[in-house]
Structure formats: structure tokens, C-alpha cells
Amino acid sequence: MSEIDAREGYDVHEVESKWLPVWEDLQPFRADDESPREKRYALTMFPYPSGDLHMGHAEVFSLHDVVARYWWQRGYEVLNPMGFDSFGLPAENAAIRNDEHPSTYTYRNIGRSIDSCKRLAASFDWSRTLNTSDPEYYRWTQWLFLRFYERGLAYRKQSPVNWCPNDQTVLANEQVVDGHCERCGAEVTKRDLTQWYFKITEYAQELLDNLDDLAPTWGDRVVNAQRNWIGRSEGAHVTFPLVEESSSEASPDQGIQVYTTRPDTLFGATFMVVAADAPLADELVSDEQRPAFEAYREEVRKASDIDRLATDRPKTGVDLGRKALNPVTGQQIPVYAADYVLADYGTGAIMAVPGQDQRDWDFAEKFGLPIVRTVQPPADFDGEAFTGDGPATNSSNAEISLDGMGVAEAKRTIIDWLDKKALGRGTVNFRLRDWLLSRQRYWGAPIPIVHCSTCGEVPVPDDQLPVVLPELRGADLKPKGVSPLAAARDWVEVACPRCGGPAERDTDTMDTFVDSSWYFLRYCSPHDTHQPFDPAKANAWGPCDIYIGGVEHAVLHLLYARFFTMVLNDMGMVDFREPFSAQLNQGFVINQGKKMSKSLGNGVSLGEQLSAYGVDAVRLTLVFAGPPEDDIDWADMSPSGSLRFLQRAWRLAGDVTSEPGADPSTGDVALRRVTHKTVHEAGQLVERHRFNVMVARTMELVNATRKTIDAGAGPSDPAVREAAEAVAVLLSLVAPYTAEEMWERLGHQPSVARAGWPVVDAALLVEETVTAVIQVQGKVRGRLEVSPGVSEEDLRAAALADPAVVRALDGREPRTVIVRAPKLVNVVV
1 MSEIDAREGY DVHEVESKWL PVWEDLQPFR ADDESPREKR YALTMFPYPS
51 GDLHMGHAEV FSLHDVVARY WWQRGYEVLN PMGFDSFGLP AENAAIRNDE
101 HPSTYTYRNI GRSIDSCKRL AASFDWSRTL NTSDPEYYRW TQWLFLRFYE
151 RGLAYRKQSP VNWCPNDQTV LANEQVVDGH CERCGAEVTK RDLTQWYFKI
201 TEYAQELLDN LDDLAPTWGD RVVNAQRNWI GRSEGAHVTF PLVEESSSEA
251 SPDQGIQVYT TRPDTLFGAT FMVVAADAPL ADELVSDEQR PAFEAYREEV
301 RKASDIDRLA TDRPKTGVDL GRKALNPVTG QQIPVYAADY VLADYGTGAI
351 MAVPGQDQRD WDFAEKFGLP IVRTVQPPAD FDGEAFTGDG PATNSSNAEI
401 SLDGMGVAEA KRTIIDWLDK KALGRGTVNF RLRDWLLSRQ RYWGAPIPIV
451 HCSTCGEVPV PDDQLPVVLP ELRGADLKPK GVSPLAAARD WVEVACPRCG
501 GPAERDTDTM DTFVDSSWYF LRYCSPHDTH QPFDPAKANA WGPCDIYIGG
551 VEHAVLHLLY ARFFTMVLND MGMVDFREPF SAQLNQGFVI NQGKKMSKSL
601 GNGVSLGEQL SAYGVDAVRL TLVFAGPPED DIDWADMSPS GSLRFLQRAW
651 RLAGDVTSEP GADPSTGDVA LRRVTHKTVH EAGQLVERHR FNVMVARTME
701 LVNATRKTID AGAGPSDPAV REAAEAVAVL LSLVAPYTAE EMWERLGHQP
751 SVARAGWPVV DAALLVEETV TAVIQVQGKV RGRLEVSPGV SEEDLRAAAL
801 ADPAVVRALD GREPRTVIVR APKLVNVVV
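In the UniProt record's numbering, the protein residues as written are 1 to 829.
Here's what the structure looks like:
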């Protein structure tokens, strides 16, 4: 028991032990599918069970709980589920270290996490818990994969892919951060592999368009990140005929097609660049240049896409020994292979316009290539490549002239001309690439495809799902460059479902982001054995009214879940096309200005904080620290101060002597005004996600109630009871143990979490008077109690007549009187 606990007679740990079993019996947060009340779906990103909960979990669950508990109090039926994203590399790597099955590590941690969530008093409906590594769950992940496959949205192809040499698996573009694996931090390289993809690009335009509708209720960082990642651009595909090596004449049948967002700069295209690792480069290179090209290509493959696109990276390349014809100038231009063009961007080749692109400029200077400006920069421009708007220049031939046109007009004009001449066509392009989903690791959902030498790719029949993982463990899971499943020959070798001949299972597993792209729908009917989810229940609860989680998933998970929902809508399984109506990102919990780290010695143990101050004080501190999206520096926080406040609130409930149900209208009117105003504002603040200000208003109400008691109204005043009960309900959103204890001391049965939001009397929200501050020369000289509707003229006259103001003026005439009715008058002399 802490010193405060001993003085106040309040043992936080005893209170926690008291109420946990009560809540376990009551199950106040179990959602009823059949309830006639209006439904709300509160969803938090489900965690990976890598160990016990940490400060970041405590923060997101505490913030999320404010919303979910508030909705319960307002009379909604709330679905607030929790589960675990339980497939993935950490469990597999732990199993290798400990020579055990990944499930041993995974389910042990799930048990610890559930116990910790319950101790934290998170208002989850535990009857709906799911784990993505349960066969009952991944059966339906596989079923959905097959439906995508039938629709042509899941396919297999060979291409250069991101390869993590540490985890020995491929990565989607979204999982490469600054050239490194987002999971382990290893530098990513490139490999040519045959992999499975989801055709997310089929939905690129809608994924982009819908962001306009989501922007008002989603964070700016997430919306902007998705817009940038999808990366829509309008331009043209243009064909540059290849010059025959033998005759130096352009071939009418061979050419290099490029995509450009700036076809208006065609007249400045003085060379071409092909991605060194693109098949096109291998096709184009001359025999004479092949040795140099192949050596260069091997070096390029060691660099990540991020590094290759860096603007400050020294430009390298090799001449492919071929020339192409610029279709608007008729000039022959050289073709190079370089690293600053990516194989999967557009066609893998670009027209290089050094006058209007800095990377092209740097390359041209390095290799002594011509530079022609096609947009006139301003007179004061002192840079190199000019990327801004301006009149076209050096852009004409015998058939067309763009000179003098602005960029937009020049683009439209040249695209029309290219189309008429069959030299190009206007095109929309996207930065977004198809989602690479296969992984060469064990602990994931097996891909339900069988490979037959006669039939090719054959889907596993639905009645044979799930394809269950074989029982591998420890050393058998060590990465070998191919999936560990490939060594499980008894599992791999099967009869073809179509012809009955010998065949083999696909040995890759699915990216865990596939599991998390639809889990929120499974929560609506988690025990359904006939389908992934009940469409009627998913439509009744969905889409999620709010989704709370980390901004680090701005592109990865959120984009994939949106794509899945659109496909499921097209399949007729859900009525909505966007899964999350509103979204809130929490900041990070840091310490001493830095991310918590054992190596820095600034780690903060959640368990130690809970033991020292109790759950409520930690939760209150996290919510009160600032706006949800801001980072929290724990070194600046005061959980001991939060505990002292909770003690005051608890003592307040014990001081009330009036009986439950006492008529508050007979009590202190001033306190009742504070109570009703606080409750009214608290609701508005929660709905605007200003949780910290809601806590501040609750603290003010506790102080106002204590002052009323001390001023002589006494604990028997019904207005005091009304205020204390309001405090208990408000605190139930952030400090549930203290709130429940207060509710019991006030003579009520549990649970305060379902007590209902206090009814606000609108008449008590009308302020009878407002305090107007009177300043003379910027210094406060007086205060007046005035009507909220006082006119500027009356407030001015009353301020100038105030004795303190008269003394301060000392006979001087005011030069200016600034009136901001009803709260401020500033007199300037």
C-alpha cells in the first residue's frame, strides 16, 4: 500500500482484486446481436502476441476505451472485440531459438496478454476472441484466397522482388522502409522469383477517390500517405522506334514504349534510360556491351529501391549500345541502363529530359549528354533542372509547336497530336503495385493451391479446407531460401484434386496482412462454421464506426483492408465498400525524448508502473497527457498526481450522505450548473476526441464539489450527490476501478459502466451572468458580472464607469475602447 493509500484508506490493488471477478461474472460489455438498440462498432488494431502488454498497448487500449465506454453510457449496443494477429515471423524465430513449435510461444503469450488486458479493465467482449493462427480462422483466409483466385485477383508471376536476407523471405513494397526490412531492419536486396500477388491495382482509382470521403474522419497523415502511395499520375505512353544496329534506320516494328507524366517535354528528350534489372535491358543490350551491362546489373541488384530513387545518389549507368528515335525531333538518341529507374515503374524505361528533371540532369552531366530546356524558367532562376510551370520553349517541328504554351495546355496539345500520329496515347498511371503476398516461411496460412504437371495450378476444393500446417518445429524451421514446408514431403506430395495424378502443394504461406485484412468482419460472427462471416451480421454491425491504432499502418494494413472490403462488396458479402468510417491514430509513448529502448536504458515497464500506481492512475495519466495523436514522454508524466486526484474523487463519494434518488433540484444551484455544464461539455469533447480536456473538466467538477461541501452546503445536499454520481460516470471512461468503487459508496449496484449518461437540464446550461475582464493599457483593473447578452455599448459604459477603471484613467480620456462582449473590455489611453 502506498503512502497515499494508507492515508486515504484506499488500496488500489485491493480494489482491483475486488472488482475483476465481479466484472467477470457480470460481463457488462458482451454485445447482443439481437439488441433493438442502435449499434456501434468500436475496433482497435489487434496486437501481435510477442509478449506481455507494454506501454504502447496501455495507451491505445485506454484511449479506445474512452470511446467504447462512452457509447455504452449513451445507450448504444457496442461491439468492442479483441483478438490476436498470431501468425508471423517472431513466433517462428522464437521456435527456432527454443526448439519448439511456434504455437507454443504464440498461445502462451496470448494467455498472458488476455490476463493483462483484463487487469487493465479494457472493455472488450471476450466471447468473440479470435486468433488468426487457429485453423478455424485460417480455413476462411484460404477460402477467401480461392474466391480472389476465381475472380482473377490472385495470380502467380515471376518478377524481381524484395528479399530480406535475414528473414529469408520476400517482402511487399510496403514492408520495405528506407531500404530495410520493416520487421528486422536488415538491408533488402532484389531476387527474381515466382510469387503470388493480389491485384490491388484493379481498385487503385477507387482506393484513391474514396479518400476524399474519408478525409473528414481520418487523420491527415494516413490520408496523405495513402494518396502518395497510390500515386495517380496523368500522362502518355509514347513509343520511341529502335534504330536497327545494322542499317542505322528506325525499325517500324520495334520500339521502346515509355510512360511519362510530362509529354510536353518530349522535345527535350536527349537520351533514354532503362532499368538495369528490367528484362527490356537484357533484350536491348548489344553483344559488344553485354559484359559491361551484366556486371553493372549485378551491382544494381544489391541496392534497395529506396536507395536507387534517392536524389542525392551519384548517377551510374552503362550504354546499351543501341539508339532510339525521338518521335518529335527525329533525332537518334542513345539508350542507357541505369539504377535510378525501377523495373516495375511504367514500362521499366523512361525518356530522359535533363532540362526538366534533376536526376536526368545529373546523369547527362556525368555522361556528357545534351541538355535542352523545354520550359522557360523565370529570369531569376539559378538552378539546374527546372521543374516548375512556365512557357514551353524549344518545342516545335514542322507539324506542331508548343512554344509559349503553359504546361497544362502543352500536355493536352501534344497528347492529341501523338494520338493522331499513332505515336502515343494519353494514359493514367499509378505508383501502386500489386500486393506480393507469398512468404517463404512456415508460420502462416498455407496457400491452398496444388501444382500438377498435367493440370497446372489447381485450387484445393473447399471441402478440403483448411490446408493445415504440418507439425514442424525448431531446427526444421530454419530459413533456407525456400519455405521450410518444402522439406515436409509427406505434406507436400498429394494427389491432384482434378486428375488424381501426382502433384505438390504450394509451399509458400500468406503474408500476415492477408489475415488482418478481414478479421474485423469475422468478429461479427466468430463461431460461424459455414462461412467466413455472416453477411447479415456484418452488415448490421459494419462498417466500423471508429478504428483506433498506430499510424505506422497508414499504408500497409489500412490500404489492404480497404481493398479486401471492396472485393467482398463486389462478391455481395457486405453492403459497404469502406471498412472504417472514422479512424484515430495514437502517438507513441517515449521516455526522455527518445523511443524506449533497453540499449538506451530508458525503457519503462508497464507492469512496474501498474504495481506502483495502480491501473487507473496509469490509464488516467495516458489519457490526460495530451491529444491522442501526440507522443507522450513518460519522463514528463505524473502518475502519482493522477493517483492523488483519484483519491480525492473516491473520498468525495464517501462524504455524500443524502440517499440515492434524492431530488437534486432542491440543492445548491451553482453546483448544479457546474455539474450539468461539465456533463454536457464532456460528451462533446469525447465525440471530438479531446479526451484530455474531458478529464480536465472532470477534475474541475471534483474541485467545485469539494468547495461546495466546505463552504457549508454540506454532504447531505442532493446537488453534491448529483455531482459525485456524475464524476463516477465520467471517470468510468478512464478509471473504471475508482469509478466502480465510487458507485458502490454512493449506494448503487454495479456496474457503473452501464449506469447511463447523466441527463442534462438545458435550463442549467444558460449562464445567468458572465465575468467581463476590464483592462487599462493591457493591465487588468476590474471585473464585472454582466448578462451573457449584454450589448457592446452597455458593456463599454459599465466598464468606463467602474471605480477601479476611473482611478486608473486618472482624468485621461481614452484613445480607444476595444469591446469584445460579453467577456473583455480593453481601454487604451
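By construction, the Cβ of each residue, glycine as well, lies at the ideal position given by its N, Cα and C atoms.
Burial state of residue 856 (16 or more Cβ within 10 Å): Here the chain has residues from 1 to 829 only, and residue 856 is not among them.
Contact belief for Ala58 with Asp125 at Cβ below 8 Å, rounded distance in angstroms: Position 58 of the sequence shown, counted from the first residue, corresponds to residue 58. Position 125 of the sequence shown, counted from the first residue, corresponds to residue 125. Not a contact, Cβ separation roughly 19 Å.
According to DSSP, residues forming a beta bridge with Gln583: Mapped onto the sequence shown, residue 583 falls at position 583. According to DSSP, Gln583 bridges with Tyr547.
Beta bridge counterpart(s) of Asp125 as assigned by DSSP: What you label residue 125 is simply residue 125 of the sequence shown in a count that begins at 1. Asp125 is bridged to Pro81.
Simplified DSSP assignment, three categories, for Asn569: Taking the sequence shown and counting its residues from 1, one reaches residue 569 at position 569. Under the three-state reduction of DSSP, Asn569 is assigned to helix.
Among Ala154, Ala582 and Val177, nearest to Leu43 - alpha-carbon criterion: Along the sequence shown, read from residue 1 onward, the residue named residue 43 stands at position 43. Among Ala154, Ala582 and Val177, the Cα nearest to that of Leu43 is on Ala582.
Residue closest to Val353, alpha-carbon to alpha-carbon, out of Pro291, Arg815, Ala379 and Ala269: Within the sequence shown, numbered from 1, the residue matching residue 353 stands at position 353. Looking at the Cα atoms, Ala269 is the closest of the given residues.
Selection from Ser86, Leu266 and Ile632 that minimises the alpha carbon distance to Arg592: Against the sequence shown, residue 592 aligns to sequence position 592. Strictly speaking, residue 592 in this sequence is Gln, with Arg absent from that position. Nearest to Gln592 by alpha-carbon distance, out of Ser86, Leu266 and Ile632, is Ile632.
Contact set for Glu3: own chain, Cβ-Cβ below 7 Å, skip 5 residues either direction: Walking along the sequence shown from the start, residue 3 turns up at place 3. Caution is warranted here: a pLDDT of 38 is assigned to Glu3, below 50, making its placement in the model unreliable, and the coordinate value is therefore given only provisionally. There are no such residues.
Coarse secondary structure for Pro90, derived from DSSP in three states: Along the sequence shown, one-based indexing puts residue 90 at 90. Pro90 falls in the helix class under three-state DSSP.
Exposed unless 16 or more other CB atoms sit within 10 angstroms - verdict on Gln511: Locating residue 511 in the sequence shown gives position 511, where the first residue counts as 1. At residue 511 the sequence reads Asp, which differs from the Gln that was named. Buried, because 16 or more other Cβ atoms sit within 10 Å of the Cβ of Asp511.
Residue ranges of each alpha helix (DSSP H) within the region 669-733, 4 or longer: Runs of the alpha helix (DSSP H) inside the region 669-733: 669-687, 691-708 and 718-731.
Reduced DSSP category for Asn602 - H, G, I as helix; E, B as strand; rest coil: Position 602 of the sequence shown, counted from the first residue, corresponds to residue 602. The DSSP-derived three-state label of Asn602 is coil.
Top-ranked residue by Cα proximity to Gln215, from Val223, Pro28 and Asp209: The count along the sequence shown starts at 1 and reaches residue 215 at position 215. According to the sequence shown, residue 215 is Ala rather than Gln. The option with the nearest alpha carbon to Ala215 is Val223.
Paired residues, beta bridge with Met510 - DSSP: Taking the sequence shown and counting its residues from 1, one reaches residue 510 at position 510. BP columns for Met510 point to Ser438.
Touch test, the region 721-732 against the region 693-705, Cβ-Cβ under 8 Å, three pairs minimum: Below 8 Å, enough C-beta pairs join the region 721-732 and the region 693-705 to call them touching: three or more.
Closest Cα partner of Val375 within the set Ala385, Gly390 and Glu365: For the purposes of this step, residue 375 is taken as residue 375 along the sequence shown, with counting starting at 1. Nearest C-alpha to Val375: Gly390.
Neighbour-count burial assignment, His527, 16 or more Cβ in a 10 Å radius: As a working note, residue 527 is residue 527 in the sequence shown. Classification for His527: exposed.
Separation of Arg489 from His13, as counted between CA atoms: Taking the first residue of the sequence shown as 1, we reach residue 13 at position 13. Taking the first residue of the sequence shown as 1, we reach residue 489 at position 489. One C-alpha to the other measures close to 54 Å.
Reduced DSSP category for Cys117 - H, G, I as helix; E, B as strand; rest coil: Working through the sequence shown from its first residue, we reach residue 117 at position 117. Note: Cys117 maps to helix in three-state DSSP.
Assumed close pair Trp229, Val555 - CB separation to whole angstroms, cut-off 8 Å: What you label residue 229 is simply residue 229 of the sequence shown in a count that begins at 1. What you label residue 555 is simply residue 555 of the sequence shown in a count that begins at 1. Beta-carbon to beta-carbon, Trp229 and Val555 are separated by about 5 Å, close enough to satisfy the 8 Å threshold.
Candidates Leu606, Met573, Ala364 and Val574: closest to Val589 by CA position: By one-based count along the sequence shown, residue 589 stands at place 589. Among Leu606, Met573, Ala364 and Val574, the Cα nearest to that of Val589 is on Leu606.
Contact check, Gly719 vs Pro28, beta carbons under 8 Å: The residue labelled residue 719 in the question sits at position 719 within the sequence shown. The residue labelled residue 28 in the question sits at position 28 within the sequence shown. Rather than Gly, the amino acid found at residue 719 in this sequence is Ala. No; because the gap between Cβ atoms is not below 8 Å, this pair is not in contact.
Length-filtered (4 minimum) alpha helix (DSSP H) runs lying within the region 325-398: Whole alpha helix (DSSP H) segments, 4+ residues: 358-367.
Three-state class that DSSP yields for Asp5 in the structure shown: Indexing the sequence shown from 1 puts residue 5 at position 5. For Asp5, the pLDDT reaches just 46, beneath the cut-off of 50, and the residue's location in the model is therefore unreliable, although a value from the coordinates is still provided. In the structure shown, Asp5 sits in a helix (DSSP, three-state: H, G or I).
Burial state of Pro102 (16 or more Cβ within 10 Å): Residue numbering aside, residue 102 sits at position 102 when the sequence shown is read from its first letter. It is buried - the Cβ of Pro102 has at least 16 other Cβ atoms within 10 Å.
Anticipated Cβ contact below 8 Å, residue 831 with Val458, distance rounded: Because the chain spans 1 through 829 in this model, residue 831 falls outside it and cannot be assessed.
Residue environment, Ser286, which counts as buried when at least 16 other CB atoms sit within 10 Å: Position 286 of the sequence shown holds residue 286. Exposed, because fewer than 16 other Cβ atoms sit within 10 Å of the Cβ of Ser286.
Of the listed residues Glu768, Lys677, Val341 and Gln175, nearest to Glu785 (C-alpha basis): Translated into the one-based positions of the sequence shown, residue 785 becomes position 785. Of Glu768, Lys677, Val341 and Gln175, the smallest CA-CA separation from Glu785 is found for Glu768.
Contact under 8 Å by Cβ, Ile415 with Pro543: Translated into the one-based positions of the sequence shown, residue 415 becomes position 415. Translated into the one-based positions of the sequence shown, residue 543 becomes position 543. With contacts defined by Cβ atoms closer than 8 Å, Ile415 and Pro543 do not form a contacting pair.
Test item: CB-CB of Arg441 and Ser483 under 8 Å: The sequence position of residue 441 within the sequence shown is 441, counting from 1. The sequence position of residue 483 within the sequence shown is 483, counting from 1. Yes, these two residues count as a Cβ contact at 8 Å.
Length-filtered (4 minimum) alpha helix (DSSP H) runs lying within the region 473-524: Whole alpha helix (DSSP H) segments, 4+ residues: 489-492, 512-515 and 519-522.
Beta-carbon spacing of Ala349, Val274 below 8 Å: Here residue 349 refers to the residue found at position 349 when the sequence shown is read from its first residue. Here residue 274 refers to the residue found at position 274 when the sequence shown is read from its first residue. Yes; because the gap between Cβ atoms is below 8 Å, this pair is in contact.
Per-residue burial, Gly614 [other beta carbons within 10 Å of its own, 16 or more giving buried]: Mapped onto the sequence shown, residue 614 falls at position 614. Looking at its Cβ environment, which holds 16 or more other Cβ atoms inside 10 Å, Gly614 is buried.
Under the three-state DSSP convention, the category Lys823 falls into: As a first step, residue 823 is located in the sequence shown; it is residue number 823 there, counting from the start. Lys823: coil per DSSP, three-state reduction.
Cβ contact (3+ pairs, closer than 8 Å) linking the region 569-582 and the region 531-543: Contact between the region 569-582 and the region 531-543 is present, because at least three Cβ pairs lie under 8 Å.
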